[in-house]
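*Asks:* Heads up: the sequence shown runs through residues 1 to 625, numbered per the numbering used here.
Glycine included, each C-beta is placed from N, C-alpha and C at the ideal position.
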Amino acid sequence: MSALLWALVLLPALAGVGLLAAPLGPSPVRRAVERATPTVGISVATGVLALSAAAASVRPTTSAPFLAGDPFTLAVDGLSAVVVVTVAAVSLLVLVFSAGAIRHHRARFVGLMLVFVAAVLVTATATTLLGLLMAWEVMGATSYALIAFDWRRDTAVASGTTAFVVTRAGDVGLYLAAGAALAVASGGTPGLSLDRLALLPSPWLHIAAAGMLAAAFGKAAQLPFSFWLSRAMDGPSPVSALLHSAAMVAMGGYLLLRLHPLLLAAGWAATTAAWVGALTALLLGAVAIAQDDLKQLLAASTSAQLGFVVLAAGTTGPGAVGAGLAHLVGHASTKALLFLAAGAWLAALGTKSLPALRGAGRAYPWVGVPFTVAALALAGVPPLTLWATKESVLAAAREQSGALYAVGLAAAVASSAYAGKALALIWRRLPDHPTGYDTEEAGTRQVGWIERIPLLPLAVGAAGLGVLVVPAVWAKVDPGAPTPTSASAGEVAVSVVLAVVVTGVALRWPQRLPAPRWAGSWLRLEQVAHAGVLRPTLRLAALLARGDAALEAAVTGTGHAGRRLADHAAAIDAVGVGGALRGVVAAARRGAGLVLRPQTGQLHQYYAQASVGLAVAVLIVWLAR
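1. Ignore the nearest five residues each way along the sequence and tell me which others in G443's own chain have a CB closer than 6 Å to its CB.
2. Cα-Cα, which of A135, V157, A281, G448 is closest to V411?
3. Once DSSP output is grouped into helix, strand and coil, what is the label at T62?
4. So is L8 buried or exposed if we call it buried at 16+ other beta carbons inside 10 Å?
5. How long is the line joining the alpha carbons of R168 and L146, rounded to whole angstroms?
6. Let me know the secondary structure DSSP gives F72 once reduced to three states.
7. Between V310 and A396, how many whole angstroms is the CB-CB distance? I'm expecting something under 8 Å.
8. Report yes or no: do the stretch 122-138 and the stretch 90-101 share at least 3 C-beta pairs separated by less than 8 Å?
9. Could you tell me how far apart the beta carbons of V367 and A341 are, in whole angstroms, since I believe they sit closer than 8 Å?
10. Which same chain residues end up closer than 8 Å to I42 when comparing Cβ atoms and leaving out the 5 residues on each side of it in sequence?
11. At 4 residues or longer, what runs of the alpha helix (DSSP H) sit wholly inside the stretch 383-461?
12. CA-CA distance, G324 and A489?
13. Taking 8 Å as the cut-off, does the stretch 411-420 touch the stretch 283-300 (at least 3 CB pairs, one atom from each stretch)?
14. To the nearest angstrom, how far is the alpha carbon of R706 from that of L581?
15. Using only the alpha-carbon positions, how far apart do H327 and V393 sit?
16. Taking C-beta to C-beta, are A107 and A210 nearer than 8 Å?
17. Determine the burial state of Y607: buried for a count of at least 16 other Cβ atoms within 10 Å of its Cβ, exposed for fewer.
18. Is DSSP giving S43 helix, strand or coil here?
19. Grab me the residues of T556's own chain with a C-beta within less than 8 Å of its C-beta, minus the 5 sequence neighbours each way, in chain order.
20. Nearest to R231 by CA position, among A286, S143, A550, is which residue?
21. Rounded to whole angstroms, what's the CA-CA distance from G235 to L200? Just pull it up for me.
22. Helix, strand or coil for T128? Go by DSSP, reduced to three states.
23. Cutting at 6 Å between CB atoms, please list the residues of its own chain near G78, excluding the five before and the five after it.
24. In whole angstroms, give me the CA-to-CA distance for P203 and R546.
25. Look at the alpha carbon of A3 and the alpha carbon of P60, and state the distance between them as a whole number of angstroms.
26. Measuring alpha carbon to alpha carbon, tell me which of L242, L24, V469, R398 ends up nearest G317.
27. Could you please give the first and the last residue of the uninterrupted alpha helix (DSSP H) stretch that includes S237?
28. Could you tell me how far apart the beta carbons of A506 and L513 are, in whole angstroms, since I believe they sit closer than 8 Å?
29. Between the beta-carbon of G307 and the beta-carbon of A278, is there less than 8 Å?
30. For G359 versus T372, is the C-beta spacing smaller than 8 Å?
31. Apart from the five residues on each side of it in sequence, which residues of its chain come closer than 6 Å, Cβ to Cβ, to F227?
32. The alpha helix (DSSP H) spanning A270 covers which residue range?
33. Can you check whether the CB of V329 is closer than 8 Å to the CB of V82?
34. Buried or exposed: Y254, going by 16 or more other Cβ atoms within 10 Å of its Cβ?
35. How many angstroms separate the CA atom of A320 from the CA atom of I453?
36. Can you name, in chain order, every residue of its own chain whose Cβ lies under 7 Å from the Cβ of P190, other than the five neighbours on each side?
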């Protein structure tokens, strides 16, 4: 069965790389590739969905040698079986929508989407830090390219950069966790397996838990990383529909669900995750209420809804993981539909402004009706999906802490308010002379039939995936795992009344909802990050650059001084030492010449020289007397 799992991850990866490798520039081959790209993308996504369903059924495992004692291993278990099917299904529907919505550079767009999907599938099925790290890196890189897909717009590139840098700051935690695991791998059993991180001894256990929390909070857009999700809305709507529903943002929550034993073993990590998730759900819910841009409202609600998943991951009850997973899956279907609907209206009317979208549901009912189903699910109205899954999460929170439950319930009320606000505006009567259109792009005033196709199945998911929390259904999804926590009748009654009343109030008076000024700018998180991290980092970099310049000047000055010293030494050598040596040589040469003069070879001259020498010797002897 290992071939099935390899096919699942390699099919989208190879197809995506093939599309990205298509020749550039106007050419018959390029035009043919562009025409065939939608068909290729949908066909590959269909194959991935079929493979994911088969993998969820047979639960394969595969492994390949990588490092000594730590192979590259993938496996489909109860958690990943649900996630891979969800990712594959949402990817297929988003690519169907993209076939009508994306008109230019299709090969690059679909290629990036398929490589991204492959990275998400590896992330979901990786059982070691090796596989997780590689997939995590590819997922981050392709998300940057997709958010900044319209690279000719400076804002899109800047937003992609912000999203990439912020999530990368959290990703450092993965390397921290890997370092903690490697620190004891040679002397103990834990190694790099995700399942064995909970066995790490102290302090490595706590280091690994802290690193995993940072990485997951960054990807899931939890506090304090949430603001990158606002900037990511500059990407195409299909990108938002995939990245921020079933893929990258969801993977942050999924990672914490996967590492639930590690969080419990560390103790403080579980409490931290629960409170960060609860506060994110509440505060980002307030941010969503304050938004007048539909995509910004949906982005803030994404952080808020993932907060419920993180809250579940941090609670200690046995059914918390199942509750969190059910909410993650229900949110994927719901939010993919909402983002696709927002993209359809953006293409038709050229705007994302909620006041300008007044009456859009009436004008485009094929979009408005599915949007309504998803928005009511987001509001927690029964019996739709997110009502059931949210109840299960809140029940798990109540078992651990009344304070956690209260914050989670307040966050649920906020979700009813922002969902009701969006619904109220799109179903208001269309004004006689609508204004505010074509502010983002030139609208086409129509929604193509191909863009409508994905909305219906996503609406079915938004309405019916709540059955995952039913014990009999969950037993078939993940046999042997604890069933999601069930809420009491009193809790259900309280939450239902609150959801219905708050949604009704929001539908009737959407403009009167309390919208704190501090919430409108995403809690000023980006400004805080700039003031507390970016500007100090830039100042430190400038200071280090000046220090580097001074060091360079010192090194350069030393070099110049050394060269001047060498020049003086060369001059001294040439004039002094060299001159003296040349003088000695010349004197020796002249002496040799004088010595050679009498060496004529004539015998009588030698006799004369001997006589003179003898006379000189006699004279010296006589004088010495």
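*Replies:* Inspection of the coordinates gives the following:
1. For G443, where only same-chain residues beyond five positions count, the Cβ hits under 6 Å are A348, L349, G350, Y437.
2. The residue you asked about is not Val; residue 411 is Ala in the sequence shown. That would be A281, whose Cα lies nearest to the Cα of A411.
3. strand
4. buried
5. 16 Å
6. F72 sits in a strand when the DSSP states are folded into three classes.
7. Wrong, their Cβ atoms sit about 12 Å apart, outside the cutoff.
8. no
9. Contact check for V367 and A341: beta-carbon distance about 5 Å, within the 8 Å limit, so the pair qualifies.
10. L92, L95, V96, A99
11. 385-400, 402-427, 449-452
12. 20 Å
13. These segments touch.
14. A question about residue 706 goes unanswered here, because the residues of the chain that appear run from 1 up to 625.
15. 8 Å
16. Their beta carbons are not under 8 Å apart, which means A107 does not touch A210 by this criterion.
17. exposed
18. helix
19. none
20. S143
21. 40 Å
22. strand
23. D478, A481
24. Cα atoms of P203 and R546: separation of roughly 38 Å, rounded to the nearest angstrom.
25. Their Cα atoms are separated by approximately 9 Å.
26. R398
27. 237-243
28. 6 Å
29. yes
30. no
31. W522, L525, E526
32. In the DSSP assignment, A270 falls within the alpha helix (DSSP H) that extends over 268-289.
33. yes
34. So Y254 ends up on the buried side.
35. Roughly 34 Å separates the two Cα atoms.
36. Per-residue confidence for P190 stands at a pLDDT of 48, beneath the threshold of 50, marking its modelled position as unreliable; the derived number appears in the next sentence. Same-chain partners within the cutoff: A181, V184, R196, L197, L199, L200.
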